[in-house]
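Written below as structure tokens is the structure these notes are about.
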Amino acid sequence: MPAISIDTFFACSLMVLLVLSAMATTSKLLYPQINNAIDEALSERYREISKYLLLNEGSPSNWGQNGQIIPENFGLAKADSENPYELDIDKVSRLNSENIYAISYAKIFTALKLSDVSFRMEIKPVFDVIINLTATFVKANDATYQFEISTKKSGIPIQTKLKCYVIAENYLEASPFHTSNGENNVNITIPNDVNGPAILVALAKAVCDSRIMSYGVYAFAHNSINPKPKSTFLKLSPLNYTLTTSFVYPEMNLSKAYALNINYYSLLEQISNGNQSLTYNLPNFVDPSPTIIVVTGCNSTNFFAEWTVYPHIPLKIGANFAGLDALSNVFTYNYIVSINSAIYECTIWLGGPKQ
Amino acid sequence: MRSQNKGQIRIIEAFLAVLVIFSSFTIFSNLTVTRSVEKSGDLASIGLQALMKLDSNGNLGKFIDSKNWTALRDALDIVLPPSVCFNLTAYDETMNQVNDYAISNGALNSQEVAFVEYVCASQGVVFHCYIIYLHLAVAK
């Protein structure tokens, strides 16, 4: 075989290999590029949808205040608000499944009128208040409970001002403000002639901005059996500055109901008495603070204290995207929103079938 | 002799083709950097929201008026997501820097830095207007 033929054969083989490897590399390089171009367009579309949810008030614009209204168009913004990303306290409260006036995800999905988009939403305070009971000292006339209260965001301590309330049977005590560097020990003393279970409510506001707030609630035994889980006796549903208490069991007597704010507290006034429910008026405190509501009562012989918060936050609603990454494009968007002037964190996940 | 060299020329041609094609791949792969720059839009959006929320009750102007840089840094630190690093500079109407030390929670060690320009007015007795430059990056 002449040398030229061997050289030509070698060159041709090299060219074929080159063309094949070029094709493979091009497709490998182009695939994510084309995919990302689609992703960018999709991400932009979903971002606009997430903004629409928070900037649009929906219709009718007062759908949050009336628990019987199902919105025709879904939106969470406060009607006639001057500030962007200011949400309506009642529209948000109706997203919490613990509230009897909660709107289901299916109804939101219909009102959103986007058949190819699923969403999930989470609204929570900007930082956490974590309460732990560290020690108990029982004396002849009273008992002292030592609590460790930490205010943290993703494990990082937050400097706050703390206000604590303790509620037991016919007993309410408000502590003065404590300044906390993120970790604080609080001693609570309750007389032994008071019956529990007792509830400790800790409200915290950031030192740098009083609109950045959070709260924690801790139920503990005092002259009583251990407290039962939340909503064992009553379902509390705050809406439109009215609290609806629905009895889980018949034959229950409610005694006192309290609304607690970081600066003020008040006894709630009962406005109607139904067969299995009671309603109370909720005060509209001027402070930018969530209102903790505690309702006390007796089930046969046992005292109980149930609590909730208005706005009904933290909440999570919507589709569960866990493990669906392979089937759908899911995008996450973070927002800083305000409800009644207090600042919260809102995360929205939007997803649809993979294109 | 000339016809015998023909095969070798083709090998050189093939190598040249390899060089041309792979150099084009190298240039092409560098173009992907432009994509990540667009993603900083999310960071800029959350930075702008943070400044707007702090300004909605006049706190932002109050922090600058009183030169309370620690409070301003703490407020941004709480409001922004924990993985975000920021660096804020405040200027007065004549673009003189107002803050005498860095308002920052860490170095911006990222290729993807978002920038927000925000104008705020103080709500004090004397009117002041401030221009705020906020740089944000995802912490690595």
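So the sequence lines, in the order shown, correspond to chains L and A. Position 321 of the first sequence, counting from 1, maps to 322 under my numbering, and the rest follow consecutively. Position 9 of the second sequence, counting from 1, maps to 12 under my numbering, and the rest follow consecutively. Ideal placement from N, C-alpha and C gives every residue a C-beta, glycine not left out. From a predicted model like this one, the values you see are computed outputs, not experimental measurements.
Just to confirm my understanding: we take residue i, look at its own chain, exclude 5 residues before and 5 after, and list those with CB closer than 6 Å. What are they?
i: K257 (chain L); result: T297
i: G319 (chain L); result: Y106, F120, R121 and M122
i: S267 (chain L); result: A260 and P284
i: F66 (chain A); result: A74 and L75
i: K164 (chain L); result: F178, L204 and I263
i: I71 (chain L); result: K108
i: I189 (chain L); result: Y146 and V167
i: P192 (chain L); result: D143
i: N241 (chain L); result: Q66 and D91
i: V218 (chain L); result: V202 and W308
i: H313 (chain L); result: S94, N97 and N100
i: V116 (chain A); result: H138 and A140
Where does residue i fall in DSSP's three states?
i: N71 (chain A); result: coil
i: D8 (chain L); result: helix
i: N3 (chain A); result: An answer regarding residue 3 (chain A) cannot be provided, because it is not within the stretch 4 to 143 covered by chain A.
i: T233 (chain L); result: coil
i: R121 (chain L); result: strand
i: G50 (chain A); result: helix
i: K317 (chain L); result: strand
i: E49 (chain L); result: helix
i: S225 (chain L); result: coil
i: V40 (chain A); result: Here V40 (chain A) scores only 37 on pLDDT, less than 50, and its place in the model is too uncertain to base an answer on.
i: F18 (chain A); result: helix
i: Q11 (chain A); result: helix
i: V394 (chain L); result: Because residue 394 (chain L) is not part of the residues shown, which for chain L are 2 to 356, the question remains open.
i: D89 (chain L); result: coil
i: C209 (chain L); result: coil
If you draw a straight line from the alpha carbon of residue i to that of residue j, how long is it in whole angstroms?
i: A372 (chain L); j: L22 (chain A); result: For chain L, the structure presents residues 2 to 356; residue 372 (chain L) sits outside this window and is missing.
i: Q147 (chain L); j: I132 (chain L); result: 10 Å
i: S13 (chain A); j: F25 (chain A); result: The sequence given here has Arg at residue 13 (chain A), not Ser. Looking at the two C-alpha atoms, the distance is approximately 18 Å.
i: G199 (chain L); j: D77 (chain A); result: Before going on, a small fix: residue 199 (chain L) reads as Ala here, not Gly. Their Cα atoms are separated by approximately 34 Å.
i: V101 (chain A); j: K70 (chain A); result: 8 Å
i: I226 (chain L); j: C299 (chain L); result: 14 Å
i: V36 (chain A); j: K29 (chain L); result: Residue placement at V36 (chain A) is poorly supported in this model, since its pLDDT is 41, which falls under 50; the coordinates still yield a value, given next. V36 (chain A) and K29 (chain L): Cα-Cα distance of roughly 16 Å.
i: K357 (chain L); j: T26 (chain L); result: Residue 357 (chain L) cannot be examined here, being either before or after the span of chain L that is shown, 2 to 356.
i: E270 (chain L); j: A47 (chain A); result: 47 Å
i: L55 (chain L); j: N274 (chain L); result: 36 Å
i: S278 (chain L); j: S247 (chain L); result: 4 Å
i: Q66 (chain L); j: T243 (chain L); result: 10 Å
i: Y250 (chain L); j: I157 (chain L); result: 42 Å
i: L63 (chain A); j: C209 (chain L); result: 11 Å
i: E99 (chain L); j: K231 (chain L); result: 11 Å
i: Y336 (chain L); j: P228 (chain L); result: 36 Å
i: I213 (chain L); j: A220 (chain L); result: 24 Å
i: S82 (chain L); j: A136 (chain L); result: 47 Å
i: F305 (chain L); j: S329 (chain L); result: 46 Å
i: S59 (chain A); j: S125 (chain A); result: 11 Å
i: I104 (chain L); j: A112 (chain L); result: 11 Å
i: N185 (chain L); j: F110 (chain L); result: 44 Å
i: E87 (chain L); j: A141 (chain L); result: 51 Å
i: D68 (chain A); j: N112 (chain A); result: 30 Å
Could you tell me if residue i is buried or exposed, where buried requires 16 or more neighbouring beta carbons within 10 angstroms of its beta carbon?
i: D89 (chain L); result: buried
i: G197 (chain L); result: buried
i: F130 (chain A); result: exposed
i: G359 (chain L); result: The structure shown has nothing for residue 359 (chain L), since chain L only spans 2 to 356.
i: S6 (chain L); result: exposed
i: M98 (chain A); result: exposed
i: K79 (chain L); result: buried
i: E170 (chain L); result: buried
i: A12 (chain L); result: buried
i: G127 (chain A); result: exposed
i: D45 (chain A); result: buried
i: E45 (chain L); result: exposed
i: I349 (chain L); result: buried
i: P51 (chain L); result: The sequence shown places Ser at residue 51 (chain L), not Pro. By the 10 Å Cβ count, S51 (chain L) comes out buried.
i: K114 (chain L); result: exposed
i: Y104 (chain A); result: exposed
Within the same chain, show all residues whose beta-carbon is closer than 8 Å to that of residue i, passing over the 5 residues directly before and after it, in chain order.
i: Y216 (chain L); result: P126, V130, V202, A203, L204, A205, P291, I293 and V310
i: K153 (chain L); result: F128, D129, I131, I159 and G183
i: V122 (chain A); result: C132, Y133, I134 and I135
Less than 7 Å between CB atoms is the rule here; does residue i satisfy it with respect to chain C?
i: N108 (chain A); result: This model lacks chain C altogether, as its protein chains are L and A.
(message) Whether or not the segment 344-354 of chain L and the segment 57-68 of chain L are in contact is what I'm after, with contact meaning three or more pairs of Cβ atoms, one per stretch, closer than 8 Å; do they touch?
(response) no
(request) Check whether the segment 130-141 of chain A touches the segment 85-98 of chain A, taking contact to mean three or more Cβ pairs, one atom from each stretch, closer than 8 Å. (result) yes
(request) Mind the definition here: the segment 175-194 of chain L touches the segment 240-257 of chain L only if three or more C-beta pairs lie below 8 Å; say whether that holds. (result) no
(request) May I ask you to verify whether the segment 233-242 of chain L touches the segment 76-90 of chain A, counting CB pairs closer than 8 Å and requiring at least 3? (result) No, they do not touch.
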